[in-house]
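Respectively, the protein sequence lines represent chains V and F. By the working numbering, the letter at position 46 of the first sequence is numbered 154, and the numbering carries on one by one without gaps. By the working numbering, the letter at position 72 of the second sequence is numbered 1146, and the numbering carries on one by one without gaps. Yeah, the Cβ is synthetic: ideal placement off N, Cα and C, and Gly gets one too. Contents: one structure, followed by commentary.
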Amino acid sequence: MLALRLGLVGLPAAEASLVATVFRLHRVEASFIWTLAPEAPFDALLVDYAVDAADIARLKGRKTHLMRLGPIGSEQSDMMARPFRSDLLVRWLNSIEVDLLRSGGDTSVSTPLKSQEQVMVSQVGHGSGDEQCPPLTGHFKLRRWPTPSLLGGDVGRIRMATMLSRRPLSIKELSSTSRLSVSTCTAFVRLLEAAQLLEVRPKPSVPTAGTDVSPMGFIGAQNAQKPQAPGRGVGAALLHSIRQRFGFS
Amino acid sequence: MNEHKIIFAGTMGAGKTTAIAAVSEVAPIVTDVTNNDRSVDKAMTTVGFDHGQLTLDNGDRLRLFGTPGQERFRFVWPVISKGALGLIILLDNSRPEPLVDLAVYVDGFASELTTMPCVVGIGRTETHPVPSSDEVAEVLEQMGYVFPVLPVDVRQRDDVVLLIDVLLAQLEADLL
């Protein structure tokens, strides 16, 4: 099966783990043909902007595409600003894919040097990716609905995103409410974090509406934090009954 | 026996009646008359509110109401949506300005949307991909809302059920 190879150079472990998580989530899409490569040859490199050019040159092949990760506000044609956004990363990979497939990629690099990703990939592998990352704490609130490519048409992801759109939730709350594992919820929250779609909020004292308090949200700002309207009569039993009636759990 | 309701809103031709028919256990009561608005290629249009229902295992009834799409019936929207479990806004991407349509319905239900769950379903995306789900989400963000946005084909029962599933997920989050 055709696969293009991305190497990571000089990225912090947590950031490399995020990239690995993005790749793992996109792997379900047949059109996503990228893999994280622990060693050369690389079709593309994602490099910390501080990495020495000579080190990059040892890893970079004649046709290897290069993208740097720089500090906030450093966007350029060959640099993405941190924190990196998964949609921009995937967009870049898609943009160079045609060129690489047309040119046949680059197998001329034979350097034995390995990107730092080798350790991270082997440890993240097919697992949750949480082993090397500190646990996620706090309550997370979606500040904008994710793109279809990030959701991937996955009902579980849609459900998690829906709940996070409604009110701030901890990983534990998200897991128990969505009936999905903590590792699944953690991986998805990390993905949303990487896409800058989440805010970390204090635990609310009352249920919040679907509105989000933001400088631009005039209606939302006016109506946020109001208690849930009484009389709707919604309980877990009713919701379970409706789900049963429609034939989904 | 208790009664609960879910509201379907959207422009004329967005698929409210079709969506209700896709999931209702009985043939929906339809309040359609001949459409004399030549700007919309539609033989019939809803002038009251369409009504479907499902009976739950405890005897409660879940009623599905479709609001009249024309803006001149806007006064009905808050009346019909009072006490509803949630609101499903259906957009028709084949219309000239779906984002303007979105703003009309979000503004029209603004009072209810301070607490009521809502999901936006975008129809006809296979032939009219613009605006994208992301553009709709961006407009909602600018209006201060974070609602689920899903492309749907209301002729497909599974798509309509997904919209309802998403509403229920919001209600479940509220239980915490």
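| Query | Result |
| --- | --- |
| Coarse secondary structure for THR1129(F), derived from DSSP in three states | strand |
| Neighbourhood of PRO1152(F) by C-beta distance below 7 Å, restricted to the same chain and skipping five residues each side | SER1185, GLU1186 |
| Span separating the alpha-carbon of GLU1200(F) from that of THR1085(F) | 19 Å |
| Close Cβ partners of LEU1245(F) (< 8 Å) along its chain, the five nearest in sequence each way excluded | LEU1159, GLY1160, PRO1191 |
| Cβ-based contacts, 7 Å cut-off: residues of the region 281–293 of chain V near chain F | GLU281, THR285 |
| Bridge partner(s) assigned by DSSP for PHE1082(F) | GLY1140(F), ILE1162(F) |
| Interface residues of the region 1190–1213 of chain F facing chain V [CB-CB below 9 Å] | MET1190, PRO1191, CYS1192, VAL1193, VAL1194, SER1206, SER1207, ASP1208, VAL1210, ALA1211, GLU1212 |
| Bridge partner(s) assigned by DSSP for GLY1197(F) | ASP1166(F), VAL1226(F) |
| Buried/exposed call for LYS280(V), threshold 16 Cβ in 10 Å | exposed |
| C-alpha distance - ASP262(V) paired with SER1207(F), whole-angstrom precision | 15 Å |
| Short Cβ contact (9 Å threshold) for GLU1077(F) with ASP1134(F) | yes |
| Cα-Cα separation between THR1141(F) and ASP1227(F), rounded to whole angstroms | 19 Å |
| Neighbouring residues, chain V, relative to ASP1227(F) (Cβ below 7 Å) | Simply none; closest approach about 13 Å. |
| Any C-beta of chain V under 9 Å from that of THR1092(F) | no |
| Counted within 10 angstroms of its Cβ, other Cβ atoms place ASN331(V) as buried (16 or more) or exposed | The predicted model places ASN331(V) with a pLDDT of 40, which falls under 50 and marks its position as unreliable; any figure quoted below should be read in that light. That one is buried. |
| 9 Å Cβ cutoff, PHE246(V) in contact with chain F | Note on residue identity: the sequence assigns Gly, not Phe, to residue 246(V). For GLY246(V), the answer is no, since every Cβ of chain F falls outside 9 Å of its Cβ. |
| Contact with chain V by HIS1125(F), beta-carbon distance below 9 Å | no |
| C-alpha distance - GLY185(V) paired with ALA1177(F), whole-angstrom precision | For clarity, residue 185(V) is Ser in the given sequence; the question names Gly instead. About 35 Å. |
| Short CB-CB distance (under 9 Å) between ARG407(V) and chain F | In the structure as shown, chain V starts at 109 and stops at 357, and residue 407(V) therefore has no counterpart that could be examined. |
| ARG251(V), enclosing beta strand (DSSP E) - first and last residue | Unbroken run through ARG251(V): none, as it is neither H nor E. |
| Any C-beta of chain V under 9 Å from that of ASN1132(F) | yes |
| Distance, ALA162(V) Cα to VAL217(V) Cα | Residue confidence is low: VAL217(V) scores 42 on pLDDT, short of 50, so the model does not pin down where it sits. Its coordinate-derived value is still stated next. Straight-line Cα distance between these residues: approximately 15 Å. |
| Stretch-stretch touch, CB-based, cutoff 8 Å, three pairs: the region 298–308 of chain V with the region 247–255 of chain V | yes |
| Proximal residues of chain F, C-beta to C-beta of ARG267(V) below 8 Å | ASP1239, VAL1240, ALA1243 |
| Unbroken alpha helix (DSSP H) run spanning HIS134(V), endpoints | 121–134 |
| Per-residue contacts from ILE1178(F) into chain V (C-beta, under 8 Å) | Per the sequence presented here, residue 1178(F) reads as Val, with Ile not at that position. Result: empty, since nearest Cβ-Cβ is about 13 Å, beyond 8 Å. |
| Where LEU1249(F) falls: helix, strand or coil (DSSP) | coil |
| Bridge-paired residues (DSSP) for MET175(V) | LEU154(V) |
| Own chain partners of ALA1093(F) with C-beta closer than 7 Å, once the 5 adjacent residues on each side are dropped | PHE1082, LEU1164, VAL1228, VAL1234 |
| Neighbour list for MET271(V) in chain F, Cβ cutoff strictly below 8 Å | ALA1243, GLN1244, GLU1246, ALA1247 |
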